[in-house]
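Student: Residue numbers for the sequence shown follow my numbering, so the first one is 15 and each next one is one higher. For each residue, glycine too, the CB sits at the ideal point set by N, CA and C. Quick one: this structure, given as structure tokens, is what I'll be asking you about.
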Amino acid sequence: MQIETRYKKGRLIFFFLCLILFTVYLIYSYAKIAFSPSTERAFFSQEYIRGSIYDRNGKPLAVQASLYHLAATPSAIKDIAKTAKVLAPYLEKTEEEIIKQINEATIDFVYIEKKLSQEKYEALLSLISSNKLYGLRFDKVQGRIYPEKSLASQVIGFMGNDGKGLSGIEYTMQKILSPDTTKNPTNPIHYGNDIYLTIDANLQYKLEQVALENLEEHQAESIMIIASDAKKGEILSYVSLPSTDLNEYPSAVDAEKIDRPAAISFEPGSVFKIFSIASFLETGAIGENELFYCDGKYEIPSAGGEKAVINCLGHHGWISA
């Protein structure tokens, strides 16, 4: 009996000793934290705004905008059929397509639609709330909007999902348009530089309409028109058809992406002689009444001693400019 009482008493003393030691440890830990030097760390939610592209008059051709991805968690959706029925009209998809997207997700997550505009986002948000749809969420992302759609599409180019230009000005001026984060890395917002083109959007639109009419009338495969300022050499219009709506660039066919004036070689021919003569007259290199002799051919000696002969349509004798 005495042994049992002594054993219980020993266990009780051991328990209190453990409790005291634990209390001392807690006090020591809190004291250490309280009197230690401050080690606060600042975490910044940073935003990167890519520079915009404008025409010569300040008309926006490519701008940064907040877009939204609609995501679904299949396991959290209570009624897939109802969800598909409500969303389909707003996403321009069939109910079957949405159901297939959700059911065939390899993980418990799938994007139903990407790059939704602010207007569509607000409409869908209200729709989801009023219909009490579960398992859906929106992810806000920074994207690119092309207000003039297909206008001068090959010149402007396209920006990919990773924020890098894939063609046109978006590609060649990537370093200028993209924000520089090295100067002030702790700034919450980083801005890229804007670019103003020599293109006149109004003239570009008019010439694109002329080109489109001729393309359809003559059933041509493609057409190009370039208009420039004769005195400054600035390109005012740069037409290449067929073209594509830059907002739908990923679905465009190859023929709509080709920058023909830059990529395709062609021989201007005799129609450009008038421009050569006009430039000579403009600069005073020749006079209006200056005479030239046409014997029906023009010979150009090569480095190897051979002569290249360019034939005229006939023998014209002495003619003035």
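Note down the Cα distance separating serine 316 from cysteine 326, rounded to an integer number of angstroms.
Tutor: Those two C-alpha atoms are separated by around 20 angstroms.
Student: Could you check what DSSP says for phenylalanine 172 in three-state terms: helix, strand or coil?
Tutor: Note: phenylalanine 172 maps to coil in three-state DSSP.
Student: Quick check on DSSP: helix, strand or coil for aspartate 259?
Tutor: Coil.
Student: Going by alpha carbons, who is nearest to asparagine 198 out of Glu61, Cys32 and Thr37?
Tutor: The candidate whose alpha carbon is nearest that of asparagine 198 is Glu61.
Student: What residues match up with serine 192 in a beta bridge as DSSP calls it?
Tutor: DSSP output for serine 192 lists no bridge partner at all.
Student: Below 7 angstroms CB to CB, which residues in the same chain sit around isoleucine 91 once its five sequence neighbours on both sides are set aside?
Tutor: These residues qualify, in order along the chain: Thr97, Ile116, Tyr148 and Gly149.
Student: Just to check my reading of the structure: tyrosine 82 and aspartate 176 have Cβ atoms closer than 8 angstroms, yes? What is that Cβ distance to the nearest angstrom?
Tutor: No, tyrosine 82 and aspartate 176 are not in contact; Cβ-Cβ is about 18 angstroms, not under 8 angstroms.
Student: Would DSSP call isoleucine 94 helix, strand or coil?
Tutor: Looking at isoleucine 94 - three-state DSSP - the assignment turns out to be helix.
Student: Could I get the ranges of all uninterrupted beta strand (DSSP E) runs contained in the segment 259 to 328, with 3 residues as the minimum, in chain order?
Tutor: Those beta strand (DSSP E) runs which fall completely within the segment 259 to 328 and span 3+ residues are 305 to 308, 311 to 315 and 321 to 325.
Student: In this structure, does DSSP put lysine 73 in helix, strand or coil?
Tutor: Coil at lysine 73, not helix or strand.
Student: Bridge partners of alanine 79, per DSSP?
Tutor: In the DSSP output, where bridge partners are listed per residue, alanine 79 has Gly157.
Student: Measuring only the C-alpha atoms, how far is isoleucine 249 from asparagine 228?
Tutor: Cα-Cα distance, rounded: 22 angstroms.
Student: By the DSSP assignment, the alpha helix (DSSP H) with isoleucine 142 in it spans what residues?
Tutor: Residues 132 to 144.
Student: Using three-state DSSP, classify alanine 56 as helix, strand or coil.
Tutor: Legend: pLDDT at alanine 56 = 38, less than 50; position of this residue unreliable, no value from coordinates given.
Student: Buried or exposed, going by whether 16 or more other CB atoms sit within 10 Å of the CB of arginine 151?
Tutor: Exposed, since its Cβ has fewer than 16 Cβ neighbours within 10 Å.
Student: If distances are taken between C-alpha atoms only, which option among Ile291, Phe172 and Ala166 comes closest to phenylalanine 306?
Tutor: Taking only the C-alpha atoms, the option nearest phenylalanine 306 is Ile291.
Student: First and last residue of the beta strand (DSSP E) that includes tyrosine 205?
Tutor: It spans 203 to 205 - the beta strand (DSSP E) in which tyrosine 205 sits, taken as one unbroken run.
Student: So, leucine 141 versus glutamate 127, is the Cβ gap smaller than 9 angstroms?
Tutor: No. Outside cutoff.
Student: Between which two residues does the alpha helix (DSSP H) holding alanine 119 run?
Tutor: No alpha helix (DSSP H) holds alanine 119; DSSP gives it neither H nor E.
Student: Compare the C-beta of isoleucine 113 with all C-beta atoms of chain B and state if any pair is closer than 9 angstroms.
Tutor: Given the protein chain composition of this structure (a single chain), no chain B is represented.
Student: Using C-beta distances below 7 angstroms, list every residue in its chain close to glycine 72, excluding the 5 sequence neighbours before and after it, in chain order.
Tutor: Closer than 7 angstroms at the Cβ level, and outside the excluded window around glycine 72, lies no residue.
Student: Helix, strand or coil, according to DSSP, for glutamate 109 in the structure here?
Tutor: Helix.
Student: Quick check: the Cα distance between asparagine 216 and isoleucine 240, rounded to an integer number of angstroms?
Tutor: Going from the Cα of asparagine 216 to the Cα of isoleucine 240 covers about 14 angstroms.
Student: Cutting at 6 angstroms between CB atoms, please list the residues of its own chain near tyrosine 185, excluding the five before and the five after it.
Tutor: Counting only Cβ-Cβ distances below 6 angstroms, and skipping sequence neighbours, we find Gly171 and Gly179.
Student: On a CA-only basis, which of Ile63, Thr37 and Ile34 is nearest tyrosine 205? Give me that one, please.
Tutor: Among Ile63, Thr37 and Ile34, the Cα nearest to that of tyrosine 205 is on Ile63.
Student: Let me confirm a value: isoleucine 288 is counted as buried when at least 16 other C-beta atoms fall within 10 Å, else exposed. Which label applies?
Tutor: By the 10 Å Cβ count, isoleucine 288 comes out exposed.
Student: Under 8 angstroms: do the segment 290 to 304 and the segment 264 to 273 share three or more Cβ pairs, one atom per stretch?
Tutor: Segments in contact, no.
Student: Inspect the beta-carbon positions of leucine 211 and isoleucine 183 and report whether they are closer than 9 angstroms.
Tutor: Yes, they are a contact pair.
Student: Express the C-alpha separation of valine 253 and serine 318 in angstroms, rounding to a whole number.
Tutor: The amino acid at residue 318 is misidentified as serine; the sequence shows glycine. Distance between the alpha carbons of glycine 318 and valine 253 is about 41 angstroms.
Student: From the DSSP output, in three-state form, read off lysine 128 for me.
Tutor: Strand at lysine 128.
Student: From this set, Val100, Ala102, Glu162 and Leu139, which residue's C-alpha is nearest tyrosine 68's C-alpha?
Tutor: Out of Val100, Ala102, Glu162 and Leu139, Glu162 has the C-alpha closest to the C-alpha of tyrosine 68.
Student: Are leucine 260 and tyrosine 160 closer than 9 angstroms when you measure CB to CB?
Tutor: Yes, they are a contact pair.
Student: Considering just the uninterrupted stretch of the beta strand (DSSP E) at isoleucine 240, what are its terminal residues?
Tutor: Run containing isoleucine 240: 237 to 242, per the beta strand (DSSP E) assignment.
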